[in-house]
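Chemist: Residue numbers (the UniProt record's numbering): 1 to 109. Glycine included, C-beta positions come from ideal geometry on N, C-alpha and C. Quantities reported herein were computed from a predicted structural model and do not represent experimental measurements. Below are the structure tokens for one structure; questions will follow.
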Amino acid sequence: MIYEMRVYSCVPGGMPALLQRFETTTLKIWGRLGLRPAGFFTTLVGPKNHDLTYFLAWESLAEREQLWNAFASDPEWLAARAAHQEAYGEVVANIASSFLTPTAFSSVK
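Written out as structure tokens, the structure reads:
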């Protein structure tokens, strides 16, 4: 299993709108398309308190490319994202992505 860690750095005040979009829209679309979220986190203590960090699980990089491209071009997602941007403006200032593999001794495989 490969895990993708994505970190969304929000503009000041943007986090509530981003979390709402994930909860009400993004996760439903991901479920329909077969994307597998593995956890969502916000910073409790630390300098990056405007970040949403989440993990997606992939069988392979090829699967990631196929499913992420399907998501990125999904008509429902494109319409929802456009409506969200119109309502709230741009809520994310930066997105960083890393691909991780579990170590032999990891409790997550």
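1. Excluding five sequence neighbours on each side, which residues of the same chain lie with their C-beta closer than 8 angstroms to the C-beta of residue 27?
2. Alpha carbons only, please: which of 105, 80 and 93 is nearest the one belonging to residue 23?
3. Below 7 angstroms CB to CB, which residues in the same chain sit around residue 91 once its five sequence neighbours on both sides are set aside?
4. Report the CB separation of residue 4 from residue 67 in whole angstroms; it is logged as a contact under 8 angstroms.
5. If I measure Cβ to Cβ from residue 39 and keep anything under 7 angstroms in the same chain, skipping five residues before and after, which residues do I get?
6. Considering only DSSP beta bridges, list what residue 57 is partnered with.
7. Could you give the DSSP three-state label for residue 100: helix, strand or coil?
Modeler: The relevant details are as follows:
1. A distance below 8 angstroms between beta-carbons, with the five flanking residues on each side excluded, links residue 27 to the following residues of its chain, in chain order: 37.
2. Here the closest residue by C-alpha is 80.
3. Sequence-distant partners of residue 91 (beyond 5 residues in either direction) whose C-beta falls short of 7 angstroms from its own C-beta, in its chain, are 10, 11, 14, 17 and 18.
4. Rounded to whole angstroms, the Cβ separation of residue 4 and residue 67 is 11 angstroms, and the two are not in contact under 8 angstroms.
5. 54 and 55, listed in sequence order.
6. Here residue 57 is bridged, per DSSP, to 3 and 36.
7. Residue 100 falls in the strand class under three-state DSSP.
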